[in-house]
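Okay, structure first, notes after.
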Amino acid sequence: MNQDAYAAYISIDWSDRKHDIYLYDCATGAAEESVIGSQPDAIQAWVEGLRKRYGNTPLAVCLEQKRGSLIYALCQYENLVLYPINPRTVSNYRKAFQSSRAKSDPIDARILVELLRKHQDKIPAWQPESSQMRALRQWVESRRMLVGEKVRLTNRITSALKNYYPQVLDWLEDKDTQVFCEFLERYPSLKAAQAATVAELTQFFRVHHVIRRSAITRRIEQIAASGIPLTEGPGIVEPMQWLVPTSIGQLKPLLLRLTELTLTLKFDRCFTALPDADWFAALPGAGEHLAPRLLAAFGEGRSRFNSAQQMMCYFGIAPVRESSGKKNWVPWRWSCPIFLRQTFVEWANQSRHH
51 MNQDAYAAYI SIDWSDRKHD IYLYDCATGA AEESVIGSQP DAIQAWVEGL
101 RKRYGNTPLA VCLEQKRGSL IYALCQYENL VLYPINPRTV SNYRKAFQSS
151 RAKSDPIDAR ILVELLRKHQ DKIPAWQPES SQMRALRQWV ESRRMLVGEK
201 VRLTNRITSA LKNYYPQVLD WLEDKDTQVF CEFLERYPSL KAAQAATVAE
251 LTQFFRVHHV IRRSAITRRI EQIAASGIPL TEGPGIVEPM QWLVPTSIGQ
301 LKPLLLRLTE LTLTLKFDRC FTALPDADWF AALPGAGEHL APRLLAAFGE
351 GRSRFNSAQQ MMCYFGIAPV RESSGKKNWV PWRWSCPIFL RQTFVEWANQ
401 SRHH
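Every position in the sequence shown, counted from 1, becomes a number in the working numbering once 50 is added.
Structural data, given as structure tokens:
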């Protein structure tokens with residue numbers, strides 16, 4: 051949008067408790083500073099004050115946030131044109147023109163407006179996506195975050211069991227299952243498992259949907275042949291027997307929620323409702339989990355990237371080449387969205403098998 055179309059340039063340096071506002075009035079050239087609360091009512095009252103002052107004339111609003119509570123609150127107002135600016139851009143701009151490197155919220159708010167007024171051609175306005183795409187992005191990120199939490203908990207449990215009860219790790223290979231958690235709850239030590247009868251163990255596994263007789267027999271034989279505990283020292287066993295049930299208490303509901311998410315197909319419905327879903331689902335190795343993540347990564351705007359190289363740089367998968375004299379090296383690309391890069395790395399690994 052042309053700069054003349056805006057009645058004012060506004061920057062918001064946000065925080066959890068307050069937002070520092072800097073407003074530049076295009077008609078008068080006057081600048082104003084103010085502070086508002088971060089509560090939804092305070093934001094709404096501030097926007098209503100702008101509407102009374104400027105009517106429905108577009109206002110340019112720049113902020114150091116591309117997603118999050120503030121941008122979600124502001125995107126519902128049609129007269130606000132949002133310009134997200136990378137915090138690193140603001141930091142580098144401040145360092146370039148302030149040798150003292152003094153930093154404060156009001157200073158950053160002024161820098162945001164200055165950046166937008168002088169370099170608006172290089173800062174694209176935020177384009178809101180459809181509600182389905184926003185929901186899909188939240189679903190896939192939340193699911194992957196919980197999967198990471200599941201891995202963290204199973205690793206903690208495995209590490210603790212190796213110190214006093216390593217046999218159970220051979221009996222039950224899959225650690226991220228309800229049967230593994232409930233077996234440890236019922237039989238928290240080697241002696242407890244060895245004291246159980248064959249009928250009791252058989253009933254336990256059948257109740258937990260282990261239907262292959264050979265698998266049940268193998269596990270019962272392993273339990274009977276397990277010998278002696280690794281250690282019975284209370285200095286090791288007692289702390290570990292406290293840590294393992296505590297971690298299992300966190301892991302069990304997490305597994306239930308992940309299973310529920312898969313069975314209810316909540317994010318699958320968001321995915322299939324989008325027009326490019328079939329194309330991403332057909333990618334080799336994408337599958338039911340990576341295909342929605344890839345679509346969420348690219349978004350809906352097909353003009354977002356001018357080339358494959360630009361796309362790779364943004365996602366952090368393009369190499370960074372550096373050289374000095376006769377030396378050349380390729381360091382890791384640090385400045386990128388971590389979750390999106392993880393998506394492409396995981397997809398690359400899966401696609402090797404196709």
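All residues carry an ideal CB built from backbone N, CA and C; glycine is no exception. Keep in mind it's a predicted model, so treat the numbers as computed, not measured.
Check: Would you mind listing the beta strand (DSSP E) stretches within the stretch 188 to 212 that are 3+ residues and don't spill past its ends, in chain order?; Outcome: none
Check: Exposed or buried, Trp292, counting other C-beta atoms within 10 Å across all chains shown (16 or more means buried)?; Outcome: exposed
Check: For the putative contact between Gln272 and Trp221, defined by C-beta atoms under 8 Å, what is the C-beta separation to the nearest angstrom?; Outcome: 5 Å
Check: Considering Cα atoms alone, identify which of Ala246, Gly99, Ala77, Gln177 is closest to Glu350.; Outcome: Gln177
Check: Compare the C-alpha of Asp66 against each of Gln89, Thr78, Leu311, His258 and name the closest.; Outcome: Gln89
Check: Cα separation between Pro369 and Gln360?; Outcome: 12 Å
Check: In the structure shown, what three-state DSSP assignment does Pro289 receive?; Outcome: helix
Check: Between the alpha carbons of Leu313 and Ala336, how many angstroms are there, rounded?; Outcome: 19 Å
Check: Per the contact definition of three or more C-beta pairs closer than 8 Å, is the stretch 203 to 215 in contact with the stretch 277 to 293?; Outcome: yes
Check: Going by Cα to Cα distance, which pick from Val201, Tyr133, Thr281, Ser181 is closest to Leu304?; Outcome: Val201
Check: Per DSSP, which residues does Asp70 bridge with? Please list them.; Outcome: Asp63, Val85
Check: Measuring alpha carbon to alpha carbon, tell me which of Lys377, Thr204, Tyr56, Arg354 ends up nearest Thr78.; Outcome: Tyr56
Check: Between which two residues does the beta strand (DSSP E) containing Leu324 stretch?; Outcome: Run containing Leu324: none; DSSP gives neither H nor E here.
Check: Within 10 angstroms of the Cβ of Met195, are there 16 or more other Cβ atoms? Answer buried if so, exposed if not.; Outcome: exposed
Check: Which residues in the same chain have their Cβ closer than 6 Å to the Cβ of His339, if we skip the five residues on either side of it in sequence?; Outcome: none
Check: Grab the span of the alpha helix (DSSP H) containing Pro134 for me, first residue to last.; Outcome: From DSSP, Pro134 is part of no alpha helix (DSSP H) but of the beta strand (DSSP E) over 130 to 134.
Check: Would you list the residues sitting across from Ser373 in a DSSP beta bridge?; Outcome: Asn378
Check: Keeping to the same chain, check which residues put their C-beta closer than 6 Å to that of Cys112; ignore five residues upstream and five downstream.; Outcome: Ser61, Tyr133, Ile135, Leu162, Leu166
Check: Does the stretch 381 to 397 come into contact with the stretch 340 to 349, if we say contact requires no fewer than three beta-carbon pairs (one atom in each stretch) closer than 8 Å?; Outcome: yes
Check: Compute the Euclidean distance between the alpha carbons of Arg391 and Arg187, then round it to the nearest angstrom.; Outcome: 14 Å
Check: Using the beta-carbon count (16 or more within 10 Å), is Ile270 buried or exposed?; Outcome: buried
Check: Determine the burial state of Val85: buried for a count of at least 16 other Cβ atoms within 10 Å of its Cβ, exposed for fewer.; Outcome: exposed
Check: Considering Cα atoms alone, identify which of Ile266, Pro108, Ala274 is closest to Gln217.; Outcome: Ala274
Check: Taking Gly366 as the reference, give the member of His169, Thr393, Trp379 with the closest Cα.; Outcome: Thr393
Check: Does the Cβ of Arg319 have 16 or more other Cβ atoms within 10 Å, making it buried, or fewer, making it exposed?; Outcome: exposed
Check: Take Gln94 as the anchor and find which of Ile71, Tyr127, Ser401, Ala185 has the nearest alpha-carbon.; Outcome: Tyr127
Check: Just reading off the alpha helix (DSSP H) that Ala332 is part of, what are its end residues?; Outcome: Looking at the DSSP string, Ala332 is not in any alpha helix (DSSP H), and its letter there is neither H nor E.
Check: Can you list, in chain order, the residues of its chain with a C-beta nearer than 8 Å to that of Thr219? Leave out the 5 residues immediately preceding and following it.; Outcome: Rather than Thr, the amino acid found at residue 219 in this sequence is Leu. Answer for Leu219: Thr208, Leu211, Lys212, Lys225, listed in chain order.
Check: Take Ser180 as the anchor and find which of Phe321, Lys302, Asn106, Thr204 has the nearest alpha-carbon.; Outcome: Phe321
Check: Have a look at Gln170 and Arg138 and give me their C-alpha separation to the nearest angstrom.; Outcome: 17 Å
Check: Is it buried or exposed for Phe317, if we count other Cβ within 10 angstroms and need 16 for buried?; Outcome: buried
Check: Out of curiosity, what's the CA-to-CA distance linking His404 and Ile298?; Outcome: 36 Å
Check: With a 10 Å radius around its C-beta and 16 neighbouring C-beta atoms as the bar for buried, classify Tyr122 as buried or exposed.; Outcome: exposed
Check: Given a cut-off of 8 Å, decide if Phe389 and Glu191 are closer than it, judged by their beta-carbon atoms.; Outcome: yes
Check: Taking Leu109 as part of the beta strand (DSSP E), name the residues at either end of that continuous run.; Outcome: 109 to 113
Check: So, with DSSP's three-state summary, where would you put Asp75?; Outcome: strand
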